[in-house]
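> Residue numbers (numbering that gives the first Met the number 0), protein chains in the order written: chain X, 0 to 357; chain Z, 0 to 288.
We treat Cβ as the ideally placed atom computed from N, Cα and C, and that holds for glycine.
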Amino acid sequence: MAISLRSAAISTTPAEPPAPGLAAYDFVLPPGLIAQSPARPRDSARLLEVNLQFILDFRGYDDVHLREHWGSILASSGDVELFEKHYESANSQSVTEFFAFDLRNQDSILACVFAARENARMIRDQISVEMWETINELYLFLKSRNTADVWAAGPYEFFQDIKRNSHLFQGLTDSTYSRSEGWEFIQFGKFIERAHKTTRILDVKYHILLPNAGDVGGAVDTAQWQAVLRSASALEAYRRFYVREILPWKVAEFLIFSDTFPRSVHFCVGQIDEFLRRILGESGARPKSAACRLSRRILADLQSLTIDEVLKEGLHEFLIEIAKSLEKIGDEVVRSTMFYQADSTQEEQQLQQQQAAP
Amino acid sequence: MLISLAHRTTFAYVGKATDSFNEVRLKPVDDAAQACRSFNLQIEPATQVREYVDFYGNTVQYFDVTAPHAQLMVEALSEVETVPNAQRPAVPVVSHESAAALSEAELRTEFLVDSHYVPLTVDVWKEAQDALRDGRTDLWGDVRTICRHVFSNFAYKPKATGVQTLATDALKLRAGVCQDFAHVALGMCRCSGIPARYVSGYFIRLQRKPDDNEPEASHAWIEAFIPGYGWAAYDPTHDRLADDRYIKVASGRDYADIRPVSGTYRGGKTRSLTVDVRVRLSEPAGAPA
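1) What are the residues in the region 161 to 173 of chain Z lying within 9 Å of chain X by C-beta distance?
2) Could you round the C-beta distance between M130(X) and Y176(X) to whole angstroms and report it? I think they count as a contact, below 8 Å.
3) Determine which residues of the region 7 to 33 of chain Z have a Cβ less than 7 Å from any Cβ of chain X, and write them out in chain order.
4) Run through DSSP, which three-state label would F26(X) get?
5) Once you ignore the five residues that flank V309(X) on each side, which residues in its own chain have a CB closer than 8 Å to its CB?
6) Could you say which of F168(X), N104(X), D202(X), A284(X) lies nearest to E132(X) if we only look at CA atoms?
7) In chain order, what residues of the same chain lie with their CB nearer than 6 Å to the CB of R41(X), ignoring the 5 residues before and after it?
8) Does DSSP put K125(Z) in a helix, in a strand, or in coil?
9) If the cut is a Cβ gap below 7 Å, which residues of chain X does L272(Z) touch?
10) If contacts are defined as beta-carbon pairs under 8 Å, then E78(Z) and S281(Z) qualify, I think. What distance do you get, rounded to the angstrom?
11) So, does the region 11 to 24 of chain Z touch the region 171 to 182 of chain Z, judging by three or more C-beta pairs under 8 Å?
12) For the region 199 to 207 of chain Z against the region 238 to 256 of chain Z, are there 3 or more C-beta pairs whose distance is under 8 Å?
13) Starting from L325(X), trace the alpha helix (DSSP H) in both directions and tell me its first and last residue.
14) Would you give the residue range spanned by the alpha helix (DSSP H) that H85(X) belongs to?
15) Should A231(X) go down as buried or exposed, given a rule of 16 or more other Cβ atoms within 10 Å for buried?
16) Take T236(Z) as the anchor and find which of A255(Z), T167(Z), P157(Z) has the nearest alpha-carbon.
17) Taking the C-alpha atoms as reference points, what is the distance between L293(X) and A233(X)?
18) Here's a check: name, in chain order, each residue in its chain whose Cβ is nearer than 6 Å to the Cβ of Y138(X), leaving out the five neighbours to either side.
19) Could you please give the first and the last residue of the uninterrupted alpha helix (DSSP H) stretch that includes Y176(X)?
20) Start and end of the alpha helix (DSSP H) containing G186(Z)?
21) Kindly give me the distance between the Cβ atoms of T58(Z) and D243(Z), rounded to whole angstroms, as I take these residues to be in contact under 8 Å.
22) What residue from I42(Z), F54(Z), Q178(Z) has the CA that sits closest to D63(Z)'s CA?
23) Of all Cβ atoms in chain X, is any one closer than 8 Å to the Cβ of V260(Z)?
24) Let me know if L275(X) comes out buried or exposed under the rule of 16 or more other beta-carbons within 10 Å of its beta-carbon.
25) What runs of the alpha helix (DSSP H), each 4 residues or longer, lie entirely inside the region 202 to 258 of chain Z?
26) Could you please tell me which residues of the region 196 to 207 of chain Z, in chain order, have their CB closer than 8 Å to any CB of chain X?
27) Straight-line CA distance for G170(X) to R107(Z)?
28) Can you find a C-beta in chain Z that's less than 8 Å from the C-beta of P286(X)?
29) Exposed or buried, what is Q163(Z) when buried is set at 16 or more other beta-carbons lying within 10 Å of its beta-carbon?
30) Whose C-alpha, out of R7(Z), T17(Z), L1(Z), is nearest the C-alpha of A34(Z)?
31) What is the rounded straight-line gap between the Cα of C190(Z) and the Cα of T167(Z)?
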């Protein structure tokens with residue numbers, strides 16, 4: 000996962016399993032930014048991973064509603080223990096602090112942007128100055144804000160700014176970064192992250208916004224599904240597809256199976272497979288790497304299953320399965336391409352003091 | 000004086016070490032004050048040794064041992080003839096003003112500014128002011144005043160400091176070994192505008208008794224640049240000129256530039272580091288030492 004790619008890139012320790020939390024409140028975190036160290040050949044190419052894009056869409060909710068959701072959002076984030084260690088109660092202030100600004104939470108927005116900026120800083124000579132400035136501005140913007148300001152000035156604008164900045168970064172990468180191997184890694188990381196976030200966004204709705212049976216198709220339910228679409232930046236795209244109404248299974252179908260929408264799980268996995276082919280050199284019909292076999296398997300599922308079959312088997316289980324596979328794919332790519340796994344670290348030869356007795 | 004030297008360094012590792020890359024600065028220099036008659040470097044496990052001359056003019060031998068090994072031994076055997084004191088020119092009196100007026104002064108800037116072991120802090124500057132409180136004389140006079148100050152105000156105390164100790168830490172302790180004495184004296188000279196460098200080497204104890212088992216080690220002192228003369232050596236640990244009992248091996252800004260044996264390897268921690276130094280007169284066999 001890009002989350003673990005990031006921590007691995009920073010610490011050069013083995014990737015940890017990512018916390019499942021981000022999607023709980025509609026993060027969409029794409030790109031992996033990788034730079035190839037000119038001194039090293041491909042197999043030990045260094046990955047520098049930039050987690051940039053965070054979208055927090057509060058549009059569907061008012062403040063009171065939001066507070067009600069904090070507890071469950073936290074619960075579904077998987078970071079409850081860490082949160083409880085540092086905070087007394089879950090309210091809009093503390094949760095915003097925890098997810099946006101708290102550096103003790105390594106998945107907080109500030110922590111991610113900070114890590115991304117550090118990585119970008121290390122490879123400033125390899126990315127365009129525009130890319131660097133964008134990520135640096137985002138970092139400075141975040142550093143200049145705090146939770147109180149955000150809630151006073153309106154969280155919507157705050158998250159909108161972050162979102163705009165990360166889209167800008169994506170666009171700049173597209174228009175200023177050479178189509179080298181580094182670009183392939185960026186794209187791979189981006190689509191892994193996108194697919195993952197889309198599964199999480201859908202799953203959150205499944206968990207938290209589960210309506211009473213009578214509410215399905217009602218105004219609240221529709222508004223909530225609309226928010227889900229918005230948080231995946233998919234509302235307009237969905238509208239072009241299904242003009243009339245927003246229905247849960249249609250939203251799920253669209254976000255999972257769409258052939259053309261660039262944030263649908265199917266589209267992303269198709270791209271992942273393509274970039275795996277390039278990165279790992281998987282040219283044969285039958286892949287050699289476990290990562291590629293896994294991506295083919297979920298791609299086959301995404302190409303052959305229907306939404307009815309998925310709902311019958313359980314949407315939640317299906318999404319978890321996909322998310323887990325994506326994590327495995329990401330981990331294996333990190334393991335096999337990013338780092339030279341030294342069997343031991345390099346030690347300094349002990350030095351001798353010059354101490355001739357008088 | 001003909002002196003024979005043996006300097007053996009043995010690293011023993013926990014488990015095996017591999018991919019060991021090392022540099023040694025153990026070869027005595029050839030200059031106006033001494034001639035290196037022979038030099039032989041032994042490495043165990045045996046390996047090929049190459050050499051280059053570094054920025055400071057020191058001869059550096061380097062080698063690698065890639066195969067797994069539990070122990071690495073580096074032994075340098077050399078014989079050096081030092082020029083008798085009577086034949087050494089006296090250090091001339093040069094005033095600070097005339098030294099500062101020389102345009103070539105900037106060529107030695109690296110010996111006037113901070114270096115890794117010798118940060119030029121306010122404390123170091125104050126110590127230099129204290130040392131020179133009776134007024135400054137000429138360059139060499141001030142160097143000796145500074146070294147005498149270090150000699151009389153610092154305690155020679157093994158184990159009080161380590162190989163990583165900075166001049167500023169030794170200054171706080173007011174104690175240390177010759178490495179620390181040299182670093183402190185360097186800082187004080189540099190704060191006083193006198194270019195000074197660290198010298199690594201050995202000295203021979205002539206009044207050594209046959210049953211004297213005190214372990215020997217490599218020694219360190221300093222050199223200050225005196226225009227018209229060159230680098231003049233003084234030993235703050237003994238408060239004396241580095242005379243014909245001293246064998247110079249390498250010089251640099253501080254210990255970091257002259258590390259006798261340094262390198263990296265892969266594998267476990269170092270279990271032990273043993274250093275054996277032997278400095279003896281190599282007069283005709285049978286003559287009393």
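Let me lay it out:
1) G161, V162, Q163, T164
2) 7 Å
3) T8, F10, N21
4) For F26(X), the pLDDT reaches just 27, beneath the cut-off of 50, and the residue's location in the model is therefore unreliable, although a value from the coordinates is still provided. Reduced to three states, the DSSP call for F26(X) is coil.
5) A251, I255, F317
6) F168(X)
7) At R41(X) the pLDDT is 21, less than 50, meaning the model places this residue with poor confidence; the figure from the coordinates comes in the next sentence. Contacts found: none.
8) helix
9) Q349, Q351
10) 6 Å
11) no
12) yes
13) 314 to 332
14) 79 to 85
15) buried
16) P157(Z)
17) 27 Å
18) V112, R116
19) Run containing Y176(X): none; DSSP gives neither H nor E here.
20) 177 to 190
21) Their Cβ separation, rounded to whole angstroms, is 22 Å, which puts T58(Z) and D243(Z) out of contact at 8 Å.
22) I42(Z)
23) yes
24) buried
25) 254 to 257
26) S199, Y201, F202
27) 52 Å
28) no
29) exposed
30) L1(Z)
31) 13 Å
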